[in-house]
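The opening residue of the sequence shown carries number 2 in our numbering; numbering runs sequentially from there.
Note that CB positions come from ideal geometry on N, CA and C, so glycine has one too.
First the structure, in the form of structure tokens, and then the observations on it.
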Amino acid sequence: MLPVIALLGRPNVGKSTLFNRLTRTRDALVADFPGLTRDRQYGIGRIGPRPYVVVDTGGISGGDGIQALSEQQVRVAIGEADQLLFLVDTRDGTTPGDIEIAAELRRTGKPVTLVANKVDHLDWNLAAAELHQLGLGDPQPIAAIQGRGVSALMTRVLEALPAAEDAEPTEEDQAAIRVAVVGRPNAGKSTLINRLLGEERVVVFDSPGTTRDSIEIPFAIGERHYKLIDTAGMRRRARINEPVEHFSVVKTLQAIEACHVAILVLDAHAGIGEQDATLAAHLIDSGRALVVAVNKWDGLTPDARAALKSAIERRLPFLGFAEQHLISALHGSGVGLLLEAADRAYESAMRTLPTPLLTRLLEDAVQEHSPPLVHGRRIKLRYAHQGGRNPPIIVIHGNQTEALPESYQRYLIKRLRDALRLQGTPLRLELKSGV
Ligand code: GDP
Ligand code: GDP
Numbered sequence: 002m003l004p005v006i007a008l009l010g011r012p013n014v015g016k017s018t019l020f021n022r023l024t025r026t027r028d029a030l031v032a033d034f035p036g037l038t039r040d041r042q043y044g045i046g047r048i049g050p051r052p053y054v055v056v057d058t059g060g061i062s063g064g065d066g067i068q069a070l071s072e073q074q075v076r077v078a079i080g081e082a083d084q085l086l087f088l089v090d091t092r093d094g095t096t097p098g099d100i101e102i103a104a105e106l107r108r109t110g111k112p113v114t115l116v117a118n119k120v121d122h123l124d125w126n127l128a129a130a131e132l133h134q135l136g137l138g139d140p141q142p143i144a145a146i147q148g149r150g151v152s153a154l155m156t157r158v159l160e161a162l163p164a165a166e167d168a169e170p171t172e173e174d175q176a177a178i179r180v181a182v183v184g185r186p187n188a189g190k191s192t193l194i195n196r197l198l199g200e201e202r203v204v205v206f207d208s209p210g211t212t213r214d215s216i217e218i219p220f221a222i223g224e225r226h227y228k229l230i231d232t233a234g235m236r237r238r239a240r241i242n243e244p245v246e247h248f249s250v251v252k253t254l255q256a257i258e259a260c261h262v263a264i265l266v267l268d269a270h271a272g273i274g275e276q277d278a279t280l281a282a283h284l285i286d287s288g289r290a291l292v293v294a295v296n297k298w299d300g301l302t303p304d305a306r307a308a309l310k311s312a313i314e315r316r317l318p319f320l321g322f323a324e325q326h327l328i329s330a331l332h333g334s335g336v337g338l339l340l341e342a343a344d345r346a347y348e349s350a351m352r353t354l355p356t357p358l359l360t361r362l363l364e365d366a367v368q369e370h371s372p373p374l375v376h377g378r379r380i381k382l383r384y385a386h387q388g389g390r391n392p393p394i395i396v397i398h399g400n401q402t403e404a405l406p407e408s409y410q411r412y413l414i415k416r417l418r419d420a421l422r423l424q425g426t427p428l429r430l431e432l433k434s435g436v
């Protein structure tokens, strides 16, 4: 599971600036989902040697010093974190608020890194000497706004974390499709997991090293092996009606990152809310293959069903690539088809796409609808090859590709997706300009 890094500090020290820098997506990649809003507080960080979950407590804490830390949300974030990054505004020197926060953070017993932000335009040696009085060791200087020092900071922070204890994966582990069931609280995740595992064809087994605490549940249908990544905490509950653990965005993000295919559970009775849209945005960002399960389809009037379908299209338009299944986890209808849909999505996400085929499809697309002129010269798209799997990335080489309009990129994505019958997986383009 990904390590969790929390950003803490007084208001205005630059937490959200650093957050944005850490979580910015690979800019060379283009996804086919324009106008996506991103969540401010939780993200996957990709600057530094390996990915991690980053939590910005800045949007939550209103107060200064101790007051900010005592907020419930901040305490939850600290509790979930493996590493705390304590940011200070170096231009302010050391304020009483900083001293209070430093003392409080030391008491948590968690590893703390002191981050001296805004070191642009100042004498670092003087500033560093003053920051030592916080008792948190050597401060790590950054200028979040320019990105200076950020990569060095994350390298240091991540190297200090204990290495993930990767047991040698067995052959079965490697062959298993990892499926995460995600959705907001009460959507029916636990009911669905119980239902899936209770199906007659399904054999749940304990693999060596699986503890009761493990959040992966291995099972098989015939020869096909799966691992269910359980964000609902089912495994730790003896009975279905034991209280659900606190819903955790961190656990959900970790599960998304660890899976091959996510099943997003929507609640037909509650409608489509902000949390669903936020989760969907994270799913898109992750590039994971996806199946949408519209749960609690039972007992809805025809009018309510129609209204819900249009709400899904309107509020989650960028999930159009995923198969959508109308299910009732409670009664079992539709549930049997979900794993087959997950298999198809997995197959699409992992497929090998030969260069000659991709290049031919590119030529066909260009012939039918040629790219626009830029400064009187036509953009040339010459050949394509696969640049990655899960999600499939298609690298296109040509001239002036940096000027290729987004609408044309969406056209290409749609053409390629249809021709290759890529179902249930996002598809990304990477454009390269030759000499
Ligand atoms: P937060 O309240 O801790 O999340 O702080 P913000 O990220 O909103 O930043 C507060 C202000 O500090 C904004 O105006 C930022 O542009 C500015 N800021 C952030 N990082 C830097 C930096 O490295 N140098 C300078 N000069 N300003 C910065
Ligand atoms: P979780 O928080 O996502 O794990 O949700 P639960 O599985 O605990 O379900 C929340 C509530 O929704 C429970 O009362 C379930 O009985 C109910 N529920 C789950 N699936 C369905 C369904 O398909 N139809 C109906 N009517 N209720 C359901």
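| Asked | Found |
| --- | --- |
| DSSP-derived helix/strand/coil call for residue 6 | strand |
| Range covered by the alpha helix (DSSP H) that runs through residue 361 | 356-369 |
| Within 7 Å, strictly: CB atoms of residue 192 and residue 342 | no |
| The stretch 174-194 / the stretch 220-227 touching (three or more Cβ pairs under 8 Å) | yes |
| Reduced DSSP secondary structure (H/G/I, E/B, other) of residue 423 | coil |
| Uninterrupted beta strand (DSSP E) stretches inside the stretch 127-179 (no shorter than 3 residues) | none |
| Whole-number beta carbon distance between residue 392 and residue 357, since they are thought to touch under 8 Å | The pair is not a contact, with the Cβ atoms about 22 Å apart (cut-off 8 Å). |
| heavy atom of ligand 1 below 6 Å from residue 102 C-beta | no |
| Validate contact between the stretch 263-270 and the stretch 295-306 using beta carbons, cut 8 Å, 3 pairs | yes |
| Assumed close pair residue 115, residue 137 - CB separation to whole angstroms, cut-off 8 Å | 4 Å |
| Euclidean distance between Cα positions of residue 350 and residue 258 | 14 Å |
| Backbone CA spacing between residue 49 and residue 23 [nearest angstrom] | 9 Å |
| Spatial distance of residue 121 from residue 4 (CA atoms) | 29 Å |
| Length of the line joining the Cα atoms of residue 423 and residue 43 | 29 Å |
| Any 3 or more C-beta pairs closer than 8 Å across the stretch 143-154 and the stretch 9-21 | yes |
| DSSP state of residue 391 mapped onto helix, strand, coil | coil |
| beta-carbon residue 12 near ligand 1 non-hydrogen atom, thresh 6 Å | yes |
| For residue 58, the nearest candidate out of 52, 81, 51 (CA to CA) | 81 |
| 7 Å Cβ cutoff met for residue 206 and residue 186 | no |
| Where residue 122 falls: helix, strand or coil (DSSP) | coil |
| heavy atom of ligand 2 below 6 Å from residue 198 C-beta | no |
| Beta-carbon spacing of residue 91, residue 130 below 7 Å | no |
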